Amino acid sequence: AMEEMIATMLEKAPMDRYQNLEEVVAELARMQKELGSSSSSSSVSSSVNSGQSSVVKDSTKEKHPIQLALKISLAVAVLLSAVFTFAYWLKLEGDKSKSDAKQTTAGGPNSVPSSTVGTSSSTTSEATTENQSQATTGVAVETASSTSVTPAAELTTGSAPESNTSSAQSSNAESKPASSGESAVGSSVVRPMKNYYCGNADVGGVLKRKFDFGDEHKLGKIEIEDQEGQIPATGVVFLPLQGKVTLRCSGEIFADPSLLDGFRPDDLYGLVFSGHEPVDKRALPHIIRLSGLKSLTVSAGPCNFDGECLPQLNLLFDLKELELVGTQIRGRELATLSRIKKLKRLSYSPVIEPAELLKVLAPSNNLTELTLERGVLSLSDFQAISTCASLRHLRVSDTGMTNQCMEAISSLSHLKELQANPSLLDRDCFKSLKKLKNLRELGIGGPKFGASDTVDFSKALRIQVH
């Protein structure tokens, strides 16, 4: 009976256990009654068997009270332990019920009712998971709306800039989720910068691209192919649908390259970092994000670009024009650029270890403009340059060019411009220069070349020599 009572107290199912202390007391009274009847039955049985030997009778009389006392003591100890365990369990259940009731009350009308105490924990967990899912979805919706472009319908209706702006604003307003989950995660989610591009707008009967850089930013100057002048990259700017758009970065972008993230990957044809301010490696992740970039110029002040930057520059898959001035990149490192043979224009200064670069670069049918300055180019280097048959512009100032080097490149029949000042050329290079039939611009000079030689060459070649 004692074992059954303990097993009942330890039952896992709540309805199979004792529900209150009154049931425990009733069970103990029943057990005491059974124990008393069992004791009387034992005394009757011992009197019936009184005819047995006196030794066995005396031994039974001595042992029975001791065994009975031990059993009763053990039973009482186990019973007390079970009672205390049962009371402690009831207390825990009561505290848990109160806690669940408080959470249900604080949760509002959408909370789980307090009657479902047995499953309140799992229900609360599911509700929390659902709220987080809604919050994540809300952020995704807002991000998508912030990076979306103007619908194609605007391209055909010829709507005014104002209507375009209002439609974009209303679209952003509608895309904001109404769920409260957004506020729960909004502070921990970094949203991408808003696109500068606002869609296309009809300006004086001409469809143009509209950009809003914000009045608080001055990103630099915008240059458009075949268009004179520069457009300040601040506030609202309208740019033609076609044409190469190049941004000359301001000091604001030098200080915070993340401002480039407002451009879409193919908004810009070219990007120029020039001036006296330093360019740091930390700008690279923002540069290569403009994956549609076709022209990149880095000719600013101190620049810590080195060979480790080449793997990132390889991500500019459409690159056609590259200018690196004042960097720490060596020629053998630049030779690993995957687009090196696809380049149409390459400018590299100062020249460091150019031999491997020219081995990879030449021969090239794509290269039309090459600038290698402030370094040492050997005769073999000029011979490699001479294999670039499509070359139109060559600038090799301050590279130690000699008359032999001039003879090596005299086979460049399409060459229109040659800059070699200073150099080691003298008057004897005139024969080689006459072979360059399409030459239109010449810069030549050095310790072996005087002012009178410049005048004579200009008259003889019938071009401007400086």
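Following our numbering, the numbering of the sequence shown begins with 2 at its first residue and continues without gaps.
Where a beta carbon is used, it is the ideal one built from N, C-alpha and C, also for glycine.
Because the structure is a prediction, the values reported are computed rather than measured.
Exercise. Taking one C-beta from the segment 227-234 and one from the segment 293-304 each time, how about it: are there three or more such pairs within less than 8 Å?
Worked result: no
Exercise. Quick one: Cα of Pro355 to Cα of Asp267, how far?
Worked result: The residue labelled residue 355 in the question sits at position 354 within the sequence shown. The residue labelled residue 267 in the question sits at position 266 within the sequence shown. The alpha-carbon atoms of Pro355 and Asp267 are separated by roughly 32 Å.
Problem set entry | C-beta atoms of Leu323 and Arg346 nearer than 9 Å | Looking up residue 323 in the sequence shown gives position 322. Looking up residue 346 in the sequence shown gives position 345. It is a contact, given that the beta carbons lie within the stated cut-off.
For this session: Specify the secondary structure class of Leu208 as computed by DSSP and reduced to three states.
Result: For the purposes of this step, residue 208 is identified with residue 207 of the sequence shown, where counting begins at 1. Strand.
For this session: Sort out for me which residues DSSP pairs Glu370 with in a bridge.
Result: What you label residue 370 is simply residue 369 of the sequence shown in a count that begins at 1. Answer by DSSP bridge pairing, in chain order: Arg346, His394.
Exercise. If you count every other CB in all the chains shown that lies within 10 Å of the CB of Gly271, and 16 or more means buried, which is it?
Worked result: As a working note, residue 271 is residue 270 in the sequence shown. When all chains shown are included, Gly271 counts as buried.
For this session: Can you give me the start and stop residues for the beta strand (DSSP E) that Phe255 sits inside?
Result: Looking up residue 255 in the sequence shown gives position 254. Not the beta strand (DSSP E): Phe255 falls in the alpha helix (DSSP H), residues 252-256.
Exercise. In the structure shown, what three-state DSSP assignment does Cys430 receive?
Worked result: In the sequence shown, the residue the question calls residue 430 occupies position 429. Reduced to three states, the DSSP call for Cys430 is helix.
Exercise. With C-beta atoms as the reference, is Pro279 less than 9 Å away from Pro312?
Worked result: The residue you call residue 279 lines up with position 278 of the sequence shown. The residue you call residue 312 lines up with position 311 of the sequence shown. No.
Exercise. Comparing alpha-carbon positions, which option in Val207, Gly200, Val246, Lys209 lies nearest Gly221?
Worked result: Along the sequence shown, read from residue 1 onward, the residue named residue 221 stands at position 220. Of the listed residues, the one whose Cα sits closest to Gly221 is Val246.
Problem set entry | Classification of Lys435 by the beta-carbon crowding that lies within 10 angstroms, buried from 16 upward | The count along the sequence shown starts at 1 and reaches residue 435 at position 434. With fewer than 16 other Cβ atoms within 10 Å, it is exposed.
Exercise. Rounded C-beta distance between Lys295 and Leu320? I'm assuming under 8 Å.
Worked result: For the purposes of this step, residue 295 is identified with residue 294 of the sequence shown, where counting begins at 1. For the purposes of this step, residue 320 is identified with residue 319 of the sequence shown, where counting begins at 1. 6 Å between Cβ atoms; contact.
Exercise. For the alpha helix (DSSP H) that contains Thr298, what are its first and last residues?
Worked result: Translated into positions along the sequence shown, residue 298 becomes position 297. No alpha helix (DSSP H) holds Thr298; the beta strand (DSSP E) holding it covers 296-300.
For this session: Could you round the C-beta distance between Leu240 and Phe212 to whole angstroms and report it? I think they count as a contact, below 8 Å.
Result: Along the sequence shown, one-based indexing puts residue 240 at 239. Along the sequence shown, one-based indexing puts residue 212 at 211. Confirmed, about 6 Å.
Exercise. Mapping DSSP to helix, strand and coil, what is Asp468?
Worked result: No information on residue 468 is available, as it lies outside the stretch 2 to 467 that the chain covers here.
Exercise. What separation, rounded to the nearest whole angstrom, lies between the Cα atoms of Leu69 and Leu29?
Worked result: As a working note, residue 69 is residue 68 in the sequence shown. As a working note, residue 29 is residue 28 in the sequence shown. Cα to Cα, Leu69 sits roughly 17 Å from Leu29.
For this session: Check whether the segment 365-382 touches the segment 393-413, taking contact to mean three or more Cβ pairs, one atom from each stretch, closer than 8 Å.
Result: yes
For this session: Work out the CA separation of Tyr349 and Phe431 for me, nearest whole Å.
Result: Here residue 431 corresponds to residue number 430 of the sequence shown, with the count starting at 1. Here residue 349 corresponds to residue number 348 of the sequence shown, with the count starting at 1. So the alpha carbons of these two residues sit roughly 27 Å apart.
Exercise. Can Glu418 and Leu380 be called in contact, C-beta distance under 9 Å?
Worked result: The sequence position of residue 418 within the sequence shown is 417, counting from 1. The sequence position of residue 380 within the sequence shown is 379, counting from 1. Result no, Cβ atoms of Glu418 and Leu380 do not sit closer than 9 Å.
For this session: State the Cα-Cα distance for the pair Leu156 and Tyr198, rounded to the nearest angstrom.
Result: Residue numbering aside, residue 156 sits at position 155 when the sequence shown is read from its first letter. Residue numbering aside, residue 198 sits at position 197 when the sequence shown is read from its first letter. Any reading at Leu156 must be qualified, since the residue scores a pLDDT of 34, below 50, and its modelled position is unreliable; the value itself is stated next. Taking the straight line joining both Cα atoms gives about 14 Å.
Exercise. CA-CA distance, Glu370 and Ala385?
Worked result: The count along the sequence shown starts at 1 and reaches residue 370 at position 369. The count along the sequence shown starts at 1 and reaches residue 385 at position 384. Cα to Cα, Glu370 sits roughly 15 Å from Ala385.
Exercise. So is Ile67 buried or exposed if we call it buried at 16+ other beta carbons inside 10 Å?
Worked result: What you label residue 67 is simply residue 66 of the sequence shown in a count that begins at 1. That one is exposed.
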